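Enquirer:
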Amino acid sequence: DYCLAPVLIYLSFNLLDSKASQGELGWISSPSHGVSAADLIHISYLRAHLFCRVMNSSHQNNWLRTNWIPRYSAQKIYVELKFTLRDCNSIPMVLTCKETFNLHYLETDEDQGSKFREHQFSKIDTIAADESFTQMDLGDRILKLNTEVREVGPMTKKGFYLAFQDVGACVALVSVRVYFKKCPFTVRNLAMFPDTVPTDSQSLVEVRGSCVNNSREEDQPKMYCTCRPGFYKASSGNVKCSKCPPHSYTHQEEAVHCDCERNYFRAEEDPVSMACSRPPSAPRNVISAINETSVILDWNWPADSGGRKDVIFNVVCKRCWPGPRQCEPCLGAVRFLPRATGLTNTTVTVVDLLAHTNYTFEIEAQNRVSSQAPTIRQYAAVTITTNQAAPSAVTVIRKDRTSRNSISLSWMEPERPNGIILDYEVKYYEKQEQETSYTILRSKATNVTLNGLKPDTTYLLQIRARTAAGYGGSSRKFEFETSPDSFSISSENSQVVLIAVSSAVAIILLAVVIYIVISRFCRYSKSKHPDEKRLPFGNGHLRLPGIKTYVDPHTYEDPSQAVHEFAKELEASCIAIDKVVGAGEFGEVCSGRLKLPSKKEICVAIKTLKAGYTEKQRRDFLSEASIMGQFDHPNIIRLEGVVTRSKPVMIVTEYMENGSLDGFLRKHDAQFTVIQLVGMLRGIASGMKYLSDMGYVHRDLAARNILVNSNLVCKVSDFGLSRVLEDDPEAAYTTRGGKIPIRWTAPEAIAYRKFTSASDVWSYGIVLWEVMSYGERPYWEMSNQDVIKAVDEGYRLPPPMECPATLYQLMLDCWQKDRNNRPKFEQIVSILDKLIRNPSSLKITASTASRPVNLLLDRTSTDITSFHTMGDWLESARTLPCKDAFSGVSYSSCDTLAKTSAEDFKKVGVTIVGPQKKIVSSLTTLETHSKNGPVPV
């Protein structure tokens, strides 16, 4: 017979079991009255130790120590506690109460009798109850017993004490069992194995044995103590058992892997040693930047990645109509850049959408285990409305008829008209001319006849469509030939055709003349009517069909009529005011709801006109609605309508949940990515481009006048305020809404009242600075007079902290003194689009200069001869905080400093030309008056 190598499970051996003791245990309590003993008849008449002095004082420190416990051969011991604990909330008028107690131990080589010193004990753990009982449970004789096990060791001395510390709980210690684990002596398969106590309960311990009598040893017999529950060993061999990875478990012994907890999973390729994971949470803070029929979506990483690094994003596009669940998947023409699925970055561009259409985008986060939880779909959604856009190109052109002098053509409407086609532009020229001389015709239909062509000649032709948004792309060049002379008609027929054409032209001209005469006569007659409306041509310029321009409501003879032309009249009964959220110049600003017939109820903001207003105040109040009602852009605050036929008079706009941009940024300081901030800035620039294209100058662009909705879409607001420069020491513009600080205003607008789109661009640069500094006040504590003087001398705001260099350069471009050198809003939108598409360009940050102080500018002349050292001069210099700037710079005299170049000044923080010149001038004078040689720093 031969000896084999079996596996043996640990067995438990008790060192102490209080349930088996009869009568008093003889344990020591400190203080003696802090712990009491009682029989718990609720639990089989068990003897228990009670800690419950919560009504006695605000501080408790009660101890209970066991007798000395010999450890024998134990390396590690286990303490099993059974106890009940009362819910503190169920104890009336309690002074202090906790729902935990502490477990301690002390190793010694001999019994110390009744000696007890708290500081000698080491803490094992704080014990908390899984379940606590209340007064009601006590009345029903139901006590909830808790069981907790703690491991202590390794032990080195002959024995130990356990101690229980109560710091203000109401607890009954029902039983204490102390035990250790070992493999006992055993005989297996003709081999004997001795008692074995492992030093580490997580290890697989090898035990050497010997063969029984009358057996032959082929190989020395071996035995292994195996893993306990909660541990696993994936492969055979003398290696340690491993604890189950996070979010996994095993209840069996000798486990080779651990199972995942509920709602946690492993991917097929995950090793058993890897923690179980779950699908990620939804992406956060989705923002959209709309550009005509394309949109850039950006979002933040999920708050919970599920414990994995392989998170990807999928974008689902849906086209929606008003009403519940009125959405369908987007058509195949919609394109995603770089793609719609498997995205590893947090931005995507969607192009080729339809104009003036509602879309919902769902950004879904997934990882490798998402497929194992199909019911758990984590996504964030954003709804957008595309802008008006130019049509796509004409792709299909047919030749219908050809003669020696003409060609008749027809074509198909563009695949994506993006609105109503106003007309088509047909451009053609002789092929041999190579587009140096061309002719353009316009047609409202999808066909045209080109006359006056040369016989037997090749022509190239392109067609493009026009909507209210402008011209679309040109078609590819189509090539056509006229017929040769052999196909020409006879001279006699030619004369007949010529006479017919001439007669037709004469009839048409006569009809046009008659129409004009009649129209002028009718217009003259109507103008005599006292209720005649002013024609909305705006500043004397005729508005061409399809080209929308801004109309100043003050050019109307009766400005109140502009309200009815541009704003929708609402019934007061359709509006419900919920609460007052602020106060405006004319009255209160409220939030509420608007419910129009056959439409869904929406949240709105409501401006009311306070009682006792004058007619002028009423006109001024409604002028903003007259302006706002002309705009239709996703980055311009939308006017829902006005109430003028009942009181109070109201202006109703869409509701922007996050309020003004400056306050929103200050509230969420440093919580957004640079891409998200650029997305907000792109939206503002897009709205300003729209206003600029319409010929409207805002004149008060600032972060406080930008509103933010729940999707982080920024919209320009605050229209229609008049501004008059007054002789104010702060040099601020006064409006009916209060003073507007000039720190947002371009220099030419301050000095000459030259308000243009270029001055709005200057203001946009300040808004850009506000956004990147999270709502900081431009120019900080400087007065308005100092701001005017500093800007005039060339000073510009330094870059905010961690501001990308490309954005700071855009700020400086917006702050060009010559307004003709500033970028247009169209260029700003294009620049920001490129930055969003190329996020790596935002990683280089601009260097942050020191913040200027109130002493930025010289206010009075200084006696330069009063300074005896360069340190004196630096101490009192008023051009910059120079003492800090020049700290550590080795200049031994004014002569060497006066010869410093502009580049040297920049190295120490003096970047403004004006202050550089003042420093050199001051030092030159100081050097002239220096009598004692070099001036020490």
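Numbering-wise (my numbering), the sequence shown opens with residue 393 and increments by one.
All C-beta atoms, glycine included, are put in the ideal place defined by N, C-alpha and C.
Computed from a prediction, not measured in an experiment: that's the story for all the values here.
#1: Looking at Ile755 and Pro809, is the spacing between their C-beta atoms short of 7 Å?
#2: On the three-state DSSP scale, how would you describe Lys846?
#3: Relative to the C-alpha of Thr1000, which candidate in Met1072, Ala975, Ile899 has its C-alpha closest?
#4: Taking 8 Å as the cut-off, does the stretch 733-741 touch the stretch 684-701 (at least 3 CB pairs, one atom from each stretch)?
#5: Using the rule of at least 16 other Cβ atoms within 10 Å of the residue's Cβ for burial, across every protein chain shown, is Asp1054 buried or exposed?
#6: Whole angstroms are fine: how far does the CA of Ala412 sit from the CA of Arg569?
#7: Name the residue from Lys507, Trp691, Phe552 whose alpha carbon lies nearest to the alpha carbon of Phe753.
#8: Going by DSSP, which residues form a beta bridge with Arg858?
#9: Rounding to the nearest angstrom, what Cα-Cα distance links Asp1092 and Tyr1144 in this structure?
#10: Are the stretch 1146-1159 and the stretch 717-736 touching by the rule of at least three beta carbon pairs closer than 8 Å?
#11: Comparing C-alpha positions only, which one of Leu842, Thr838, Gly699, Lys836 sits nearest to Tyr830?
#12: Which stretch, first to last residue, makes up the beta strand (DSSP E) that contains Lys710?
#13: Measuring CB to CB, does Lys468 end up less than 7 Å from Glu499?
#14: Hey, could you find the ends of the alpha helix (DSSP H) Lys515 is sitting in?
#15: Name the residue from Leu1104, Val1108, Ile1067 whose alpha carbon lies nearest to the alpha carbon of Lys1081.
#16: Taking Leu537 as the reference, give the member of Ala520, Met547, Pro546 with the closest Cα.
#17: Using only CA atoms, which one of Thr1065, Lys1008, Ile799, His511 lies nearest to Tyr821?
#18: Identify whether Ser763 lies in helix, strand or coil by the three-state DSSP scheme.
#19: Cutting at 6 Å between CB atoms, please list the residues of its own chain near Leu1104, excluding the five before and the five after it.
#20: Using beta-carbon positions only, say whether Phe958 and Glu1016 come within less than 7 Å of one another.
#21: Helix, strand or coil for Pro1139 per DSSP?
#22: Can you give me the C-alpha to C-alpha distance between Asp923 and Leu1014, rounded to a whole angstrom?
#23: For my contact list, Ile998 and Ile967 are in at a C-beta cut-off of 8 Å; report their separation, rounded to the angstrom.
#24: Ignore the nearest five residues each way along the sequence and tell me which others in Gly545's own chain have a CB closer than 8 Å to its CB.
#25: Is Glu660 near the ligand HEM, going by C-beta to nearest heavy atom under 6 Å?
#26: Closer than 8 Å is the cut-off here; do at least three beta carbon pairs connect the stretch 1050-1070 with the stretch 1024-1042?
#27: From Ser410 to Leu417, what distance separates their C-alpha atoms?
#28: Sort His511, His451, Phe525, Arg445 by Cα distance to Asn481 and report the nearest one.
#29: Below 8 Å, can you find three or more Cβ-Cβ pairs linking the stretch 1217-1226 to the stretch 1179-1193?
#30: Would you mind stating whether Arg478 and Asp517 have Cβ atoms separated by less than 7 Å?
#31: Report the residue from Ala555, Lys474, Gly1087 whose alpha carbon sits nearest the alpha carbon of Asn494.
#32: Contact defined as beta carbons within less than 8 Å: I believe Gly1167 pairs with Leu1057. What is the distance between those atoms, to the nearest angstrom?
#33: Measuring alpha carbon to alpha carbon, tell me which of Leu801, Met666, Arg1135, Gln824 ends up nearest Tyr816.
#34: If you count every other CB in all the chains shown that lies within 10 Å of the CB of Pro989, and 16 or more means buried, which is it?
#35: May I ask which residues mark the beginning and end of the alpha helix (DSSP H) holding Trp1161?
#36: My understanding is that Met1072 touches Val1221, with C-beta atoms under 8 Å, so please give their C-beta distance in whole angstroms.
Expert: So, from the data block:
#1: Not a contact, by the Cβ cut-off of 7 Å.
#2: Three-state result, Lys846: coil.
#3: The shortest Cα separation from Thr1000 among Met1072, Ala975, Ile899 belongs to Ala975.
#4: At 8 Å Cβ cutoff, the stretches touch.
#5: That one is buried.
#6: Pairing Arg569 with Ala412, the inter-Cα distance amounts to about 10 Å.
#7: Closest by alpha carbon: Trp691.
#8: Per DSSP, Asp815, Tyr863.
#9: Cα-Cα distance, rounded: 16 Å.
#10: The answer is no - the stretch 717-736 does not touch the stretch 1146-1159, with fewer than three Cβ pairs under 8 Å.
#11: Comparing Cα positions, the closest option is Leu842.
#12: Counting along the chain, the beta strand (DSSP E) containing Lys710 begins and ends at 704-712.
#13: No, Cβ-Cβ distance for Lys468 and Glu499 is not below 7 Å.
#14: Lys515 -> not in any alpha helix (DSSP H); beta strand (DSSP E) instead, spanning 514-520.
#15: Out of Leu1104, Val1108, Ile1067, Val1108 has the C-alpha closest to the C-alpha of Lys1081.
#16: Ranking the options by Cα distance to Leu537, first place goes to Ala520.
#17: Comparing Cα-Cα distances from Tyr821 to each of Thr1065, Lys1008, Ile799, His511, the minimum goes to Ile799.
#18: Look at Ser763 here: in three-state DSSP terms it is helix.
#19: Ile679.
#20: No, Cβ-Cβ distance for Phe958 and Glu1016 is not below 7 Å.
#21: Look at Pro1139 here: in three-state DSSP terms it is helix.
#22: Only weak support exists for where Asp923 lies, its pLDDT of 34 falling under 50; the coordinates are left without a value.
#23: Contact holds; Cβ gap of about 7 Å.
#24: So the list reads Ala466, Gln467, Lys468, Ile469, once near-sequence residues are dropped.
#25: Ligands displayed in this structure: none; no statement on the ligand HEM is therefore possible.
#26: Contact fails: fewer than three Cβ-Cβ distances are below 8 Å.
#27: Taking the straight line joining both Cα atoms gives about 8 Å.
#28: Minimum Cα distance to Asn481 is reached at Phe525.
#29: Fewer than three pairs of CB atoms, one per stretch, sit closer than 8 Å, so the stretch 1217-1226 makes no contact with the stretch 1179-1193.
#30: Result no, Cβ atoms of Arg478 and Asp517 do not sit closer than 7 Å.
#31: Out of Ala555, Lys474, Gly1087, Ala555 has the C-alpha closest to the C-alpha of Asn494.
#32: Going by Cβ atoms, the distance from Gly1167 to Leu1057 rounds to 4 Å, so yes, they are a contact pair.
#33: Selection Leu801, Met666, Arg1135, Gln824 evaluated against Tyr816 yields Leu801 as nearest (Cα-Cα).
#34: It counts as exposed.
#35: Boundaries of the alpha helix (DSSP H) harbouring Trp1161: 1149-1164, taken from the DSSP string.
#36: With a Cβ gap of about 13 Å, Met1072 and Val1221 do not count as contacting.
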